[in-house]
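Contents: one structure, followed by commentary.
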Amino acid sequence: MGFERAFRKSQAALCMIMVQMFTTGMLLLSKMILSQGAYIFSLLTYRQIIASLFILPFCLFMEKGMQKKITWKAMVLIFFNGLFGITMALGLYYFGLRDTSATFATNFLNLIPIATFILSVAFGMEKLGLETIGGRVKLIGTFLCVGGAITISLYRGKALHLWSSHAQHHAAMTQAENRHIARGSLLLLCSCISSATWFIVQVKLFKVFPSMYWATMLSCMAGCLQAAVIGVALDRRMSSWSLGLDLNLLTIVYSGILTTGVNFCLISWAVATKGPTYPSMFNPLSLIFVSILESLFMGNQMFVGSILGTILIIGGLYAFLWGKSNQLRAQNRKAGELAMVPESSHSNVSITPVNVGDVTMVLDSHHDSSSLPTSMIVPLADQNNSSLNEKLRKKL
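Numbering-wise, the working numbering puts 198 at position 38 of the sequence shown, and it's gapless, one number per residue.
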């Protein structure tokens, strides 16, 4: 009984560790095939086909008939969903990954919540909230993450040969990657900005089409079509689009099923049981896994600047998540106080998990009757609100 009880309590944590392991595998496999010359647009196209097919049964079973509620406005937003979240965000990320290393690129995944927060503030969709402790800590976390990104991009420092034999064996590949570090950093930064823009589009989409699985599946299809059109226009050679029983096919199937499909389901379940900020606390694990495995098996060199930048990014991310969690708890207490107020003056709160390439986050939308809707894009983390969690449980 004691073991079963401990296992039940640790299920969510084990699932999130699995998510980070799947993400680690995707990053390393993608880096390997990109280094071998894989065509990025064919990778994008085939991956989204696999992801769409995997999610389709969930659409038909969990949200049967929901597709009938799609409007023209929703279709336009789905198109931009695919454009910003897959064609641009994931495409630019692959280009940046090809120019740098898996370890370097993984750092930028942790910057997506920060980029989203900055854009939300810039567009007036979220307030800084500097009058609260949570708001001030969030701002400090943002500065730490930005400082970490600048550090790993501009400062290298001394090389650390953790596994000297492998590092020497792959020295030529590592040096070739480092020559494009500036270009890769710019591409990865643009990928973060595109992902952040996608979350803002998601807020608008879920207001007109509040579907979790259908919205994700249709966005995957839209991104697939966009990547195919652009890819064919740039390169029509059959060799760029042909698939064989090789590492390319393994990476496509792995990414489509595990990274997009299974991760989406696991994170959605974790959100329903633990709250919307829980899974993001595990994001740095993929950075640790990738750093060790890439250094051990692919001979990637680690530099002092990269380690310092990584520490700043991880510290900033946790500070940001703590600040956001603190604000959410304060908002929930306020919502509880409003429970005795007439319904017309209540704030409507909806939480919807969305999948962004290799990162899944939660849209937390707050609508106020006296102003335009404000929306906060919340990285997944711990938050205790039984009514919101029950809402997700029913949906899942």
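Every residue gets a Cβ at the ideal spot worked out from N, C-alpha and C, and that includes glycine.
Would a C-beta distance cut-off of 8 Å place residue i and residue j closer than the cut-off?
{"i": "K298", "j": "K494", "result": "no"}
{"i": "C384", "j": "I215", "result": "no"}
{"i": "L243", "j": "C350", "result": "no"}
{"i": "S355", "j": "I471", "result": "no"}
{"i": "L347", "j": "G256", "result": "yes"}
{"i": "V450", "j": "T231", "result": "no"}
{"i": "L445", "j": "I238", "result": "no"}
{"i": "I417", "j": "I210", "result": "yes"}
{"i": "E223", "j": "S371", "result": "yes"}
{"i": "C305", "j": "I448", "result": "no"}
{"i": "F442", "j": "V179", "result": "yes"}
{"i": "L187", "j": "T292", "result": "no"}
{"i": "S202", "j": "W401", "result": "yes"}
{"i": "F283", "j": "I360", "result": "yes"}
{"i": "C219", "j": "M462", "result": "no"}
What is the rounded straight-line gap between the Cα of residue i and the Cα of residue j?
{"i": "A144", "j": "N408", "result": "No answer is possible for residue 144: it lies beyond the span of the chain, which begins at 161 and ends at 556."}
{"i": "L194", "j": "S261", "result": "11 Å"}
{"i": "G469", "j": "E286", "result": "27 Å"}
{"i": "I310", "j": "R397", "result": "39 Å"}
{"i": "I467", "j": "I341", "result": "16 Å"}
{"i": "T420", "j": "G317", "result": "36 Å"}
{"i": "A382", "j": "N241", "result": "8 Å"}
{"i": "L556", "j": "Y373", "result": "Unreliable placement is indicated for L556, whose pLDDT of 46 sits below 50; the coordinate value is still reported in the next sentence. Going from the Cα of L556 to the Cα of Y373 covers about 10 Å."}
{"i": "I412", "j": "L453", "result": "20 Å"}
{"i": "G289", "j": "R296", "result": "7 Å"}
{"i": "G404", "j": "Y414", "result": "15 Å"}
{"i": "P217", "j": "V236", "result": "24 Å"}
{"i": "S345", "j": "G459", "result": "20 Å"}
{"i": "F268", "j": "A249", "result": "12 Å"}
{"i": "E164", "j": "V422", "result": "24 Å"}
{"i": "L426", "j": "C175", "result": "6 Å"}
{"i": "V392", "j": "M192", "result": "23 Å"}
{"i": "L204", "j": "A375", "result": "18 Å"}
{"i": "S170", "j": "T433", "result": "12 Å"}
{"i": "N270", "j": "F264", "result": "11 Å"}
{"i": "M226", "j": "F424", "result": "19 Å"}
{"i": "R489", "j": "K364", "result": "24 Å"}
{"i": "M181", "j": "D395", "result": "33 Å"}
{"i": "Q487", "j": "W358", "result": "23 Å"}
{"i": "W482", "j": "Q208", "result": "33 Å"}
{"i": "F457", "j": "S428", "result": "32 Å"}
{"i": "A388", "j": "R258", "result": "20 Å"}
{"i": "I300", "j": "I274", "result": "11 Å"}
{"i": "G294", "j": "F221", "result": "40 Å"}
{"i": "I390", "j": "N492", "result": "45 Å"}
{"i": "Y438", "j": "L279", "result": "22 Å"}
{"i": "Q362", "j": "L410", "result": "30 Å"}
What residue range is occupied by the uninterrupted alpha helix (DSSP H) comprising residue i?
{"i": "L115", "result": "Look at the range of the chain in this structure, 161 to 556, and you will see that residue 115 is not part of it."}
{"i": "P217", "result": "200–222"}
{"i": "Y438", "result": "Run containing Y438: none; DSSP gives neither H nor E here."}
{"i": "P273", "result": "272–282"}
{"i": "D406", "result": "That residue, D406, is in no alpha helix (DSSP H); it is neither H nor E in DSSP."}
{"i": "D259", "result": "249–259"}
{"i": "V306", "result": "293–314"}
{"i": "S345", "result": "341–368"}
{"i": "G242", "result": "232–242"}
{"i": "I415", "result": "One detail in the question is off: residue 415 reads as Ser in this sequence, not Ile. No alpha helix (DSSP H) contains S415, which DSSP labels as neither H nor E."}
{"i": "V392", "result": "373–394"}
{"i": "M398", "result": "398–401"}
{"i": "L290", "result": "Where L290 is concerned, there is no enclosing alpha helix (DSSP H), given that its DSSP letter is neither H nor E."}
Let me check understanding here. Comparing Cα to Cα, which of the options lies closest to residue i?
{"i": "T247", "options": "Q461, Y206, Q171", "result": "Y206"}
{"i": "A234", "options": "S202, F366, F457", "result": "F366"}
{"i": "L320", "options": "S455, S280, L410", "result": "S455"}
{"i": "A173", "options": "G465, L453, S440, G225", "result": "S440"}
{"i": "I277", "options": "L204, L477, R489", "result": "Before going further, note that residue 277 is Phe rather than Ile in the sequence given. Closest by alpha carbon: L477."}
{"i": "R343", "options": "M372, S313, V363", "result": "S313"}
{"i": "A479", "options": "T302, G284, F369", "result": "T302"}
{"i": "K229", "options": "N423, G197, V368", "result": "V368"}
{"i": "G197", "options": "G307, A490, Y254, A387", "result": "Y254"}
{"i": "Q386", "options": "G294, G308, R258, G245", "result": "G245"}
{"i": "G308", "options": "I390, G475, W358", "result": "G475"}
{"i": "Y315", "options": "L279, V464, Q362", "result": "V464"}
For residue i, which beta-bridge partners are listed by DSSP?
{"i": "F463", "result": "A319"}
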